[in-house]
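> In our numbering, the protein residues as written are 32 to 433. In this text, a Cβ means the ideal position worked out from N, Cα and C, and glycines have one as well. Once you've had a glance at the structure underneath, I'll fire off some questions.
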Ligand SMILES: NC(=O)c1ccc[n+]([C@@H]2O[C@H](COP(=O)([O-])OP(=O)(O)OC[C@H]3O[C@@H](n4cnc5c(N)ncnc54)[C@H](O)[C@@H]3O)[C@@H](O)[C@H]2O)c1
Ligand SMILES: [Fe+2]
């Protein structure tokens, strides 16, 4: 990148960061605890909504997760429609189909029910209903949604993305084989329903990888260049919970307390990065998702220790602080040693979950394209402690080759 372009981008970054810092993001109302999903009907009635469109995926329907809420809607005389064709790394096409169903079925609000893919799709479909002249691609980037979206309730069934409280939604464009974030305060759901019972049946590998996504949010927000007291507090809380409870959820999916704690870790991670942004880990992980369909949490889990090692010179103090949040005792270690111990603790956790150190799908001939895209994504949109040029990014990627 030439000098003029770099200074232009830096000015743009500064404006985005000042705007984000100045905006006092509202947090969603919350319904929490076992059975909280059955209180949605009261919320709908209280707010005079007559017919929600539930946006979800076939896997969620197959395991019967919607049943409790839908039976309750029937008992309470609440009409609804269901769009259940969301796919992981959701595409523009499925989001448009959800928007069409909302209009066709005369719905008046959205319920994003599932993992990040379902919640994000509900967010963007809702934005498209009220902003019909703005295409999904035109919404990508910061602050591109003009009109308030249709009322949105988020019901997470994974504990990872934090989408239930974030400004973000991530979409995939199959034409470019790339993922793009839509970031707008208008995308923050009005209500987040955090019912741990919905995550009891989450298979261990999805429990672990989505949990590592939450960890990545907390770590990237904590080492970002625009943290606040609030984001630091959220990030430390998330890190503490994840190192205390994620392994329990992995081994004993029905442990209510651990599942409930992880729902909060996901929320805190989301609330932290929505204000302090993510960094190079997400920039790389999105591109693994776009090009190879690697699930988001798995991609982050693999990339996180590699990026932290490559960035340690710029963030060892912050990583050392997170080491303490993760329960590591200082015992006379230097800041650098504590930071390294934290990275090792992440590697150990990955090992417990049988998460590899490399990306099976990664091909040597794609390294240049991936490095260029990831470097650009981080440079334009995120606030990492260290920016990598495309050439440097390629070096970060190389050890991830299987
Ligand atoms: N909006 C944000 O702030 C944000 C943040 C991070 C990631 N994301 C995006 O979110 C998406 C990833 O979301 P995700 O990791 O939650 O996964 P996901 O929504 O793609 O779901 C993964 C799989 O888990 C299954 N599943 C979900 N809950 C289940 C349950 N309780 N029991 C059984 N199966 C269940 C789903 O059917 C699906 O097959 C990516 O597109 C990512 O880029 C968004
Ligand atoms: Fe993420």
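1. So what does DSSP say about residue 95, is it helix, strand or coil?
2. Output the distance between the C-alpha atoms of residue 333 and residue 88, rounded to the nearest integer angstrom.
3. Which residue or residues does DSSP assign as beta-bridge partners of residue 210?
4. Look at the alpha carbon of residue 201 and the alpha carbon of residue 148, and state the distance between them as a whole number of angstroms.
5. What separation, rounded to the nearest whole angstrom, lies between the Cα atoms of residue 153 and residue 143?
6. Roughly how many whole angstroms lie between the Cα atoms of residue 243 and residue 329?
7. Compute the distance between the beta-carbons of residue 342 and residue 426, then report whether it is under 8 Å.
8. At the level of alpha carbons, what is the spacing between residue 307 and residue 268?
9. When you compare only the Cα positions, how much space is there between residue 285 and residue 232?
10. Tell me which same chain residues have a C-beta within less than 7 Å of the C-beta of residue 421, skipping the five on either side of it?
11. Would residue 112 and residue 138 be called neighbours here (beta carbons separated by less than 8 Å)?
12. Is it a yes or a no for the region 360-370 touching the region 384-394, going by three-plus beta-carbon pairs under 8 Å?
13. Using a 10 Å radius around the Cβ and a threshold of 16 neighbouring Cβ atoms, would you call residue 76 buried or exposed?
14. Can you list, in chain order, the stretches of the alpha helix (DSSP H) that have 4 or more residues and sit fully within the region 345-391?
15. Any heavy atom of ligand 1 closer than 7 Å to the beta-carbon of residue 456?
16. What is the DSSP secondary structure of residue 80, counted as helix, strand or coil?
17. In the structure shown, what three-state DSSP assignment does residue 330 receive?
18. With DSSP as the reference, label residue 144 as helix, strand or coil.
19. Residues in the same chain with beta-carbon distance under 8 Å from residue 253, minus the five sequence neighbours each way, listed in chain order, please.
20. Using a Cβ-Cβ cut-off of 6 Å (strictly less than) and excluding sequence neighbours within five positions of residue 194, which residues of its own chain qualify?
21. Name the two residues that bound the continuous alpha helix (DSSP H) containing residue 275.
In this structure, then:
1. Position 64 of the chain shown, counted from the start, is the residue given in the question as residue 95. The answer is coil: DSSP assigns residue 95 none of H, G, I, E or B.
2. Here residue 333 is taken as the residue at index 302 of the chain shown, counted from 1. Here residue 88 is taken as the residue at index 57 of the chain shown, counted from 1. If you take the alpha carbons of residue 333 and residue 88, they lie about 25 Å apart.
3. Taking the first residue of the chain shown as position 1, residue 210 is located at position 179. DSSP, once it has assigned bridges, lists 203 as partnering residue 210.
4. Your numbering for residue 201 matches position 170 in the chain shown. Your numbering for residue 148 matches position 117 in the chain shown. Residue 201 and residue 148: Cα-Cα distance of roughly 8 Å.
5. Within the chain shown, the letter at position 122 stands for residue 153. Within the chain shown, the letter at position 112 stands for residue 143. Taking the straight line from one Cα to the other gives about 5 Å.
6. On the chain shown, position 212 is the one that residue 243 refers to. On the chain shown, position 298 is the one that residue 329 refers to. Going from the Cα of residue 243 to the Cα of residue 329 covers about 8 Å.
7. Your numbering for residue 342 matches position 311 in the chain shown. Your numbering for residue 426 matches position 395 in the chain shown. It is not a contact, given that the beta carbons lie outside the stated cut-off.
8. The residue you call residue 307 lines up with position 276 of the chain shown. The residue you call residue 268 lines up with position 237 of the chain shown. Approximately 15 Å, taken between the alpha carbons.
9. The residue given as residue 285 occupies position 254 in the chain shown. The residue given as residue 232 occupies position 201 in the chain shown. Answer to the nearest angstrom: the Cα atoms are 7 Å apart.
10. As a working note, residue 421 is residue 390 in the chain shown. Excluding residues within five positions, the ones whose Cβ falls inside 7 Å are 402, 403 and 406.
11. Mapped onto the chain shown, residue 112 falls at position 81. Mapped onto the chain shown, residue 138 falls at position 107. Yes, the pair counts as a contact, with Cβ atoms nearer than the cut-off.
12. no
13. For the purposes of this step, residue 76 is taken as the residue at position 45 of the chain shown. Under this definition residue 76 is an exposed residue.
14. 366-383
15. It is not possible to answer for residue 456, since the shown part of the chain is limited to 32 through 433.
16. On the chain shown, residue 80 is found 49 positions in, with the first residue counted as 1. If DSSP states are grouped into helix, strand and coil, residue 80 belongs with coil.
17. For the purposes of this step, residue 330 is taken as the residue at position 299 of the chain shown. In this structure, residue 330 counts as helix in the three-state DSSP scheme.
18. By one-based count along the chain shown, residue 144 stands at place 113. Strand.
19. Position 222 of the chain shown, counted from the start, is the residue given in the question as residue 253. Only 262, 263, 266, 267, 270, 303, 307, 349, 352 and 353 meet the Cβ criterion.
20. For this step, residue 194 is matched to residue 163 along the chain shown. Counting only Cβ-Cβ distances below 6 Å, and skipping sequence neighbours, we find 147, 150 and 151.
21. Translated into positions along the chain shown, residue 275 becomes position 244. Per DSSP, residue 275 belongs to the alpha helix (DSSP H) from 260-282.
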